Amino acid sequence: MVSLTFESLPVELVEEVVSWLDLHDLCALRLTGRTVSSKSSNATFRNYFLSKKLEIAEAPLGNFALVTKPGRFGLWIQHLTLYAITKDDDTGGISLASPRVIELLAQGFLNIRDNSPHGGPLSITLKIFGDGYMRDFAAPVFNVTLSALRGTGLPIRSLDAFAEGYSHNYGGFCSIPFSEITGAFSGAGAADLHGLAKTFQPCTKLCLSLAHHIHTNDSNSIRELHNDNEDEDLELPPSYEEARVNTQKLCDLVGLCPTLEELYLVWEYDDFEETAGVREELYFFSRLAVSCQFPSLRQCTLHNIRMSEEALLTFFRQLTRLVYLRLEYVTVEGGFDDLFRLLSTSMPELNYLHLRGLYSSSGTLRFLNEHPENRLRHPTGRAPPVDDIRAVPFGLENNKSRAWYPRAAMSTRMTTLMSPNAGSYAPLHRVIAQIALPHAIIGFVSTTQQVMVSMMTVITLTQDSMIPKRRVTRTNIFGELLGLVEFDDDNLSVDSSVAEQITFRNAPFQVGTTGLEGCTVVTVVSKRAVYMAHYWERESWSSSYWFPRRIINFIAGRNPNQGVGPALNPALFNRPTDDTRIYIMHPRKGGAKTTYTSPNYPKKFKRLRSLLNEELLPGVPTATWFYIPVANPGNVPDPIADQPWRRHAVFQYDPRAHGTRSKGWRLFYEDHYFDDTNPPPGTDSANGIPDIP
1 MVSLTFESLP VELVEEVVSW LDLHDLCALR LTGRTVSSKS SNATFRNYFL SKKLEIAEAP
61 LGNFALVTKP GRFGLWIQHL TLYAITKDDD TGGISLASPR VIELLAQGFL NIRDNSPHGG
121 PLSITLKIFG DGYMRDFAAP VFNVTLSALR GTGLPIRSLD AFAEGYSHNY GGFCSIPFSE
181 ITGAFSGAGA ADLHGLAKTF QPCTKLCLSL AHHIHTNDSN SIRELHNDNE DEDLELPPSY
241 EEARVNTQKL CDLVGLCPTL EELYLVWEYD DFEETAGVRE ELYFFSRLAV SCQFPSLRQC
301 TLHNIRMSEE ALLTFFRQLT RLVYLRLEYV TVEGGFDDLF RLLSTSMPEL NYLHLRGLYS
361 SSGTLRFLNE HPENRLRHPT GRAPPVDDIR AVPFGLENNK SRAWYPRAAM STRMTTLMSP
421 NAGSYAPLHR VIAQIALPHA IIGFVSTTQQ VMVSMMTVIT LTQDSMIPKR RVTRTNIFGE
481 LLGLVEFDDD NLSVDSSVAE QITFRNAPFQ VGTTGLEGCT VVTVVSKRAV YMAHYWERES
541 WSSSYWFPRR IINFIAGRNP NQGVGPALNP ALFNRPTDDT RIYIMHPRKG GAKTTYTSPN
601 YPKKFKRLRS LLNEELLPGV PTATWFYIPV ANPGNVPDPI ADQPWRRHAV FQYDPRAHGT
661 RSKGWRLFYE DHYFDDTNPP PGTDSANGIP DIP
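47 is the number that the UniProt record's numbering gives to position 47 of the sequence shown; each next residue is one higher, with no gaps.
In structure tokens form, the structure reads like this:
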């Protein structure tokens, strides 16, 4: 009988022995011989290939095709991240999706399909890294991946197409246009469609970040849709018929995954007119809910999705096995009450629930009676908003006797039709901060002095807000700061638009708000009065439904509107001697990387500006400051985090600013300073004022 040696043991047995050794003993074992060294290192080296990142470029893909040949360690790959890199100097569209690139990736996929030693499906994640405009790169990366999968039929366990790891708002966009999904099916033969079916048949996790199919007349880069030329002849999409094909192809793609257990859908909003084609793509989920079945779905995340109430219920009635649900910034034409009853009575396995920013036809849902521990804290440490809740643990047994159904918040100016069962609402109030500031005479001789007073003003306000209900001596002549954010009885902010309109009399005052992250502030001031208002970003600007109600109609006093405070009264600002000015503070698109003339919502901003200086107050000089918003708190470094005087707007009036019976005013938009001694803003100021050096 041949004696058994350690070198002759199967690799699997050697790996088991190695797993029990510490590092010192493992190193000693490897020194006993080449065969033992190879077998003992095999598992460790193989594990290095289980999860890999691969750039979509010819050289890396060529290496990928080599390391996945029979007998090579690349065949052990189970989690593959495909990515492209952007740079600041990139000028737009790129040619990643070349035939050679697709050929090399397909060869690697083919090698894994035919020779994988573990035999399991592959998990694929698509990413864009770098500082450039990520949407330009997302489409070709998706195109390359789907083309290679379609040609090989490589089975996949999961596909994450730019969903996880991005903020999905302005400054953090990364998504695929609908046309790319349509392109994966269009022109494909029977063999290609069969390949796609084989690829997605075992898929249990699908994550998609979606956006409109963007169409330009000159077929230039997608980037051109986001420049400052507002005279572009754009149609997005060009027709309802094309949009309908796009939504149908999305349903076809999801339908290829019969065993889907996790679904993560994100929509990235663009500031476009809501045509029939745009609406078809915006409400794609209504098509999906009717066309697709989800018998195995266990986890679901919906972010920034719009749908009808009927589609909402049609979708969730299928999900009797759901254990995880996250709804963020979901807009429903109708209400949520039937969904909440369904969650509490028909889903006994549900144990995680996160609700944030739910919008019904009646307004934003507010969870007034929820325990504070179930609310997510704001990334900056502020009190959690009442529309943000994470109820854990959750489930049928925990909630049989729990009256947790929320209701929409109704402000005092809301004129939309309410349900007769809407119930009661908590009273709202403005939080008034007691502050102490050294009195400074209005009017300065240098920009440095203006910036210093602006810094002093907002830092004092910010420090005071850190200590709730702190009382200090009223040495500041301007008195209490009248805020422009509405709060409920629990000192939690609500999303109402808020306006103040004050006639100048004998008492000084100040009005404003601090801590702006992406909101807009409008200030209209004359020699007789001031109108100042604050409008939330996500709740007003990113919704074609709420924008006219919470901003345009609210300012103009038209119906329907929603907000707290008066409409703008042109009679206080339209005399020839009024010296009226309009100052707008709006978030800058692209953060610190773009110019001072780049509004986050160009078309809606133009509509707001036109309302103010063309319809209500024709010809009034206007200045706009586009500030750097918070793109993605907690995940992306804030370029102005060390400047606490930024992201504030404060107006101050003093009846003795220039001496007895000589009134005056001043306005701080961050470190920009305006007062009644300045000349009126020039024509170009309406399109943006420069950064302070």
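Backbone N, C-alpha and C fix where the C-beta goes; we use that ideal spot for every residue, glycine too. Model, not experiment: these values are computed from the prediction.
- Listed in chain order, the alpha helix (DSSP H) runs fully inside the segment 545–626 are 553–556 and 602–610, counting runs of at least 4 residues.
- When beta bridges are read from the DSSP output, residue 19 appears opposite no residue.
- Between residue 362 and residue 335 the beta-carbon gap is near 7 angstroms, inside 8 angstroms, which marks them as a contact.
- Sequence-distant Cβ neighbours of residue 347 in its own chain, meaning closer than 6 angstroms and more than five residues away, are 322.
- The segment 501–514 makes contact with the segment 558–569; the number of CB pairs closer than 8 angstroms reaches 3 or more.
- Counting the other Cβ atoms within 10 Å of the Cβ of residue 31 gives fewer than 16, which makes it exposed.
- Taken through DSSP and simplified to helix, strand or coil, residue 189 comes out as coil.
- Listed as beta-bridge partners of residue 209 by DSSP are 266.
- One Cα belongs to residue 600, the other to residue 272, and the distance between them is close to 12 angstroms.
- In this structure residue 620 touches residue 580 by the C-beta definition: roughly 5 angstroms separates them, less than 8 angstroms.
- Contact between residue 484 and residue 534 holds: CB atoms are separated by about 4 angstroms, below the 8 angstroms threshold.
- Judged by DSSP in its simplified three-state form, residue 197 adopts helix.
- Annotated three-state conformation of residue 255 is helix, per DSSP.
- In terms of Cβ geometry, residue 303 and residue 328 form a close pair [threshold 8 angstroms].
- By the 16-neighbour rule on beta-carbons within 10 angstroms, residue 152 is buried.
- Here residue 150 has 192, 195 and 196 as same chain residues with Cβ atoms under 6 angstroms from its own Cβ, once five neighbours each way along the sequence are excluded.
- The three-state reading of DSSP puts residue 362 in coil, since its state is none of H, G, I, E or B.
- Residue 180 counts as buried, since no fewer than 16 other beta carbons sit within 10 angstroms of its beta carbon.
- In this chain, residue 479 is not harboured by any beta strand (DSSP E), its DSSP state being neither H nor E.
- Of the residues assessed, residue 520 falls on the buried side of the cut-off, its CB having 16 or more other CB atoms within 10 angstroms.
- Beta-bridge pairing by DSSP links residue 300 to 263 and 325.
- Among the bridge pairs identified by DSSP, residue 128 is matched with 84.
- With fewer than 16 other Cβ atoms inside 10 Å of its own Cβ, residue 7 counts as exposed.
- DSSP places residue 277 in the uninterrupted alpha helix (DSSP H) bounded by 276–282.
- Assignment of beta-bridge partners to residue 177 by DSSP yields 211.
- Counting only runs that start and end inside the segment 644–676, the beta strand (DSSP E) elements of at least 3 residues fall at 649–654, 664–669 and 672–675.
- Scanning its chain for C-beta atoms nearer than 6 angstroms, with the 5 sequence neighbours on each side dropped, one finds around residue 646 the residues 640 and 670, in chain order.
- The beta carbon of residue 551 sits closer than 6 angstroms to those of 535 and 540, all from its chain and outside the five residues before and after it, given in chain order.
- Counting the other CB atoms within 10 Å of its CB gives residue 587 a total of 16 or more, which places it among the buried residues.
- If you draw a straight line from the Cα of residue 81 to the Cα of residue 54, it is about 6 angstroms long.
- Where residue 144 is concerned, the enclosing alpha helix (DSSP H) starts and stops at 135–152.
- Non-local beta-carbon contacts of residue 313 in its own chain, meaning distances under 8 angstroms to residues more than five positions away in sequence, involve 338, 339 and 342 in chain order.
- Note on residue 270: 16 or more other CB atoms within 10 angstroms of its CB, so buried under the neighbour-count rule.
- The Cβ-Cβ distance between residue 250 and residue 178 falls below 8 angstroms.
- With a 10 Å radius around the Cβ and a threshold of 16 neighbouring Cβ atoms, residue 629 comes out buried.
- Secondary structure within the segment 311–357: the alpha helix (DSSP H) runs of 4 or more consecutive residues, fully enclosed, are 337–346 (chain order).
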